[in-house]
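Undergrad: Same order as they appear, the protein sequences are chains W and R. The first sequence lines up with residues 8 to 447 when you count with my numbering. The second sequence lines up with residues 141 to 326 when you count with my numbering. Backbone N, C-alpha and C define an ideal beta-carbon position, used for all residues, glycine too. A quick note: this is a predicted structure, and the numbers were derived from the prediction, not measured. The structure's right below; bear with me while I get my questions together.
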Amino acid sequence: MHLPVVVIGAGHAGLAMSHRLTERSIDHVVIERGEVANSWRTQRWDSLRLLTPNWHARLPGAAVSGGSASRDPDGFMTVGEVAALIGSYATTIDAPVVDRTTVTRLGSHGDGYRVVTDRGVWTCAAAVIASGGCVAASVPALAAALPTSITSIAGLAYRNPRALPDGGVLVVGAAATGVQLAEEIQASGRPVTLAVGEHVRMPRTYRGRDIFWWTESAGILDERHDEVDDLVRARHLPSPQLIGTPQRRSIDLNHLGEAGVRIVGRLGRIHGGVAQFSGALANVCSLADLKLDRLLRTLDDSAGASRIDEIGPPERFEPTRAPRSPVSELDLAADGIRSVVWATGYRPDHTWVDLAVFDHRGRIRHRGGVVADAPGIYVLGLNVLRRRRSSFIGGAAGDTAELADHLHRHLDLTVHAGTPSATGTARHERLLATHATRRD
Amino acid sequence: MTMTGTPVDNGVNTAALLGAREALTAAPEAAEFTWRATCSWLNGTHTRSTVETFSGLGQQHSHVSAFTFDADHPECFASADHGATPAEYVLVALGSCLTAGVAAVAQHREIQLRKVTATVEGDMNVLGILGADPEVRNGYRDIRVRFEIDADASADDIKALVAQSQKRSAVFDAITNPTNVVVDVA
């Protein structure tokens with residue numbers, strides 16, 4: 008079947024794009040490997056709630072901000088609530104979803120593209136890759152050296168502590184996933200050792216307001232991909248040490264230490280059943296503390312002196328109490344460690360994209376979601392795709408509006424350029440260059 | 141950071157470093173370097189190492205001249221003390237790497253340095269190398285670096301300089317993280 012546009016992935020980003028295309032009367036389908044919001048239904052742990060408060064999770068064309076009107080704007084949705092929100096959003100916007108259909112290849116086809124699935128083939132002038140930024144686990148190669156007697160589980164497969172064997176647990180990674188899992192596993196009676204590399208420390212609330220209220224009002228999440236000082240670094244920043252709970256409490260290494268979690272350096276190697284940890288723990292803690300203070304100063308400056316009555320005085324947090332001489336080597340079995348949880352990050356799975364659009368690290372080269380090496384291909388939902396906000400649910404509205412405009416122009420050009428493809432391409436580039444001045 | 145308008149000059153060419161970073165990101169194979177030292181036994185525990193050539197940017201390079209480094213053990217170890225101990229060279233490497241890093245980061249952040257001194261100490265129980273106690277490791281148990289920095293910057297900015305220097309230091313990384321070492325005999 009031929010259509011102007013195929014969107015791949017019916018998560019919040021793919022659906023928001025669908026809404027934008029419908030607004031522009033652009034015919035399309037949204038192909039989904041499972042059900043709408045598949046990764047929220049199948050790849051998240053039981054206790055997870057969104058890191059962003061409900062008021063932040065606005066989708067374009069949704070009936071009410073954050074879903075049901077009765078929902079507390081300052082609360083945090085559970086995984087089930089997120090799946091339900093995205094499911095009802097698909098209904099509200101009447102998205103043309105083709106579900107239970109897995110894309111196995113996206114390749115070029117004449118001037119357009121060919122989308123091969125396990126249930127048929129689509130050809131299209133443009134395709135939007137919205138298959139998710141967090142659908143595959145990034146497990147380091149050193150994991151292969153883990154003795155087979157120790158259970159190994161990636162963050163995407165973890166559901167709750169009961170699935171782990173009794174005994175000690177090594178949690179590798181201290182971003183949002185690592186600190187949340189370390190806390191709940193320790194509370195289940197399994198002593199946790201947490202391997203900590205570079206991390207981002209952030210309080211849940213600051214001066215009485217949610218940290219996302221602050222980063223929004225200071226304009227930090229609006230910062231564009233072409234304004235960020237070091238884009239590669241920004242795109243690979245670990246998620247902040249945050250948890251969404253009804254109590255709106257913070258979670259950091261000091262809290263975990265008080266709960267009995269043993270803090271060690273970044274896992275460097277496993278050899279002969281012995282894990283070796285970096286001796287740089289003190290520095291990564293110091294970097295995180297310094298960075299937190301810089302963030303708080305930025306937030307204080309954004310609020311200005313006049314609003315102290317309204318939002319309370321500035322606060323500073325106790326420096327991280329990193330152990331002075333942390334454990335640098337652990338014989339895992341002798342120490343009683345029975346399982347390792349890899350909270351070492353997530354990545355997109357673009358293995359089915361058969362186009363010359365990847366950099367030497369296997370990442371899709373794009374500029375704000377526009378894949379220049381394959382005109383008509385767009386990508387969504389990745390870290391700092393267009394703005395710091397991009398990977399959050401509330402980031403899809405802005406990104407899809409702008410990319411849908413770009414896509415709309417691409418379709419106009421493709422239609423108007425006629426058949427001779429060399430002429431078409433030259434005209435295409437000329438016209439896109441003209442449009443580029445509009446800051447797409 | 142300086143309000144005088146005098147350009148900050150720590151003698152570091154950050155423009156060249158940033159240019160190299162950009163060029164090597166585009167051609168990552170050129171970023172593979174191999175550093176090299178040869179060590180000859182002279183007598184007793186006295187050795188002389190030479191550092192002259194290295195490869196990188198897709199070609200062989202030579203230093204301006206061959207540098208030599210004598211190492212030995214001190215008299216209290218019944219040696220002739222012709223040079224620093226090999227373990228002290230580790231401290232030399234760490235101190236010089238972190239201090240060079242402080243200068244480079246300061247230049248990039250436009251902080252004028254006036255004086256930087258790093259004192260590096262490593263604690264070692266020699267029962268390990270003597271083979272007298274299997275519970276004691278051979279290498280350093282703890283290494284401490286103390287920086288004294290006189291610069292046009294706040295205390296927090298100086299702390300951040302030192303933290304960033306550790307973050308980007310080859311020797312700090314080599315010491316704090318495990319490294320595969322293969323030793324064979326020709």
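Going by CA-CA distance only, name the one from 53(W), 410(W), 196(W), 153(W) that's closest to residue 165(W).
TA: Between residue 165(W) and the set 53(W), 410(W), 196(W), 153(W), the nearest pair of CA atoms involves 53(W).
Undergrad: Find the nearest neighbour of residue 61(W) within the set 160(W), 86(W), 190(W), 385(W), judged by alpha-carbon distance.
TA: When only C-alpha atoms are compared, the closest one is 86(W).
Undergrad: Where does residue 199(R) land, buried or exposed, given buried means 16+ other C-beta within 10 angstroms?
TA: Classification of residue 199(R): exposed, given that the 10 Å Cβ count is below 16.
Undergrad: Do you know offhand how far residue 158(R)'s Cα is from residue 164(R)'s?
TA: 10 Å
Undergrad: Taking Cβ positions only, does residue 287(W) come closer than 8 Å to chain R?
TA: yes
Undergrad: To the nearest angstrom, report how far apart residue 349(W) and residue 256(R) are at their CA atoms.
TA: 41 Å
Undergrad: Indicate whether residue 44(W) and residue 355(W) have their beta-carbon atoms separated by less than 8 Å.
TA: no
Undergrad: For the structure I just gave you, are there three or more beta carbon pairs, one from the stretch 250 to 268 of chain R and one from the stretch 305 to 314 of chain R, closer than 8 Å?
TA: The answer is no - the stretch 305 to 314 of chain R does not touch the stretch 250 to 268 of chain R, with fewer than three Cβ pairs under 8 Å.
Undergrad: Along the chain, which unbroken stretches of the alpha helix (DSSP H) at least 4 residues long are found entirely within the stretch 92 to 120 of chain W?
TA: The stretch 92 to 120 of chain W contains no whole alpha helix (DSSP H) run of 4 or more residues.
Undergrad: So does the stretch 264 to 273 of chain R actually touch the stretch 293 to 303 of chain R, counting three or more Cβ pairs closer than 8 Å?
TA: no
Undergrad: Using 8 Å for Cβ pairs, my map puts residue 318(W) next to residue 136(W). What's the rounded Cβ distance?
TA: The Cβ separation is near 41 Å, so there is no contact.
Undergrad: Residues bridged to residue 285(R) by DSSP?
TA: 260(R)
Undergrad: So that I know if they touch, is there some Cβ in chain W lying closer than 8 Å to that of residue 316(R)?
TA: yes
Undergrad: Are three or more beta carbon pairs between the stretch 117 to 125 of chain W and the stretch 89 to 96 of chain W nearer than 8 Å?
TA: no
Undergrad: Can you list, in chain order, the residues of its chain whose CB lies under 7 Å from that of residue 76(W), leaving out five sequence neighbours each side?
TA: With a pLDDT of 47 at residue 76(W), under the threshold of 50, the predicted position of this residue should be treated as unreliable, though the coordinate-derived value follows. Taken in chain order, the list of residues that qualify is empty.
Undergrad: Answer yes or no: does any C-beta atom of chain R fall closer than 8 Å to that of residue 276(W)?
TA: By this cut-off, residue 276(W) is an interface position.
Undergrad: Could you have a look at residue 364(W) and say whether DSSP puts it in helix, strand or coil?
TA: coil
Undergrad: Here's the rule I'm using: 16 or more other beta-carbon atoms within 10 Å means buried, otherwise exposed. How should residue 374(W) be labelled?
TA: So residue 374(W) counts as exposed.
Undergrad: With DSSP run on the structure shown, which of helix, strand or coil describes residue 329(R)?
TA: Because chain R in this structure spans residues 141 to 326, residue 329(R) falls outside the shown range and cannot be described.
Undergrad: Let me know if residue 129(W) comes out buried or exposed under the rule of 16 or more other beta-carbons within 10 Å of its beta-carbon.
TA: buried
Undergrad: Following the continuous beta strand (DSSP E) through residue 345(W), name the residue where it begins and the one where it ends.
TA: For residue 345(W), the uninterrupted beta strand (DSSP E) segment begins and ends at 344 to 349.
Undergrad: Decide if residue 205(R) is buried, meaning its Cβ has at least 16 other Cβ atoms within 10 Å, or exposed.
TA: exposed
Undergrad: Leaving out the 5 sequence neighbours to the left and right, which residues in its chain are closer than 6 Å to residue 277(W) when beta-carbon positions are compared?
TA: 149, 152, 153
Undergrad: Taking just the CA atoms, how far does residue 380(W) sit from residue 438(W)?
TA: Here the model assigns residue 438(W) a pLDDT of 46, short of 50, so the residue's position is not dependable and the matter cannot be decided.
Undergrad: When you compare only the Cα positions, how much space is there between residue 262(W) and residue 419(W)?
TA: 56 Å
Undergrad: Below 8 Å between beta carbons: does that hold for residue 197(R) and residue 246(R)?
TA: No, Cβ-Cβ distance for residue 197(R) and residue 246(R) is not below 8 Å.
Undergrad: Are residue 25(W) and residue 103(W) touching if we call contact CB-CB under 8 Å?
TA: yes
Undergrad: Ends of the alpha helix (DSSP H) at residue 218(W)?
TA: 218 to 224
Undergrad: Below 7 Å on C-beta distance, what does residue 283(W) contact in chain R?
TA: Those are 318, listed as they occur along chain R.
Undergrad: Taking DSSP as the reference, what is the three-state secondary structure of residue 238(W)?
TA: Correct three-state label for residue 238(W): helix.
Undergrad: Using the three-state DSSP reduction, which class does residue 282(W) fall into: helix, strand or coil?
TA: strand
Undergrad: What are the start and end residues of the beta strand (DSSP E) that includes residue 134(W)?
TA: 127 to 136
Undergrad: Cβ atoms of residue 27(W) and residue 407(W): under 8 Å apart, would you say?
TA: yes
Undergrad: I want to see whether chain R comes within less than 8 Å of residue 259(W), judged by CB atoms only; does it?
TA: Chain R contact via Cβ: absent.
Undergrad: Reducing DSSP to helix, strand and coil, say where residue 306(R) ends up.
TA: In the structure shown, residue 306(R) sits in a helix (DSSP, three-state: H, G or I).
Undergrad: Pull out every residue of the stretch 295 to 309 of chain R whose Cβ sits closer than 8 Å to any Cβ of chain W, in chain order.
TA: Correct list: 296, 299, 300, 303, 304, 306, 307.
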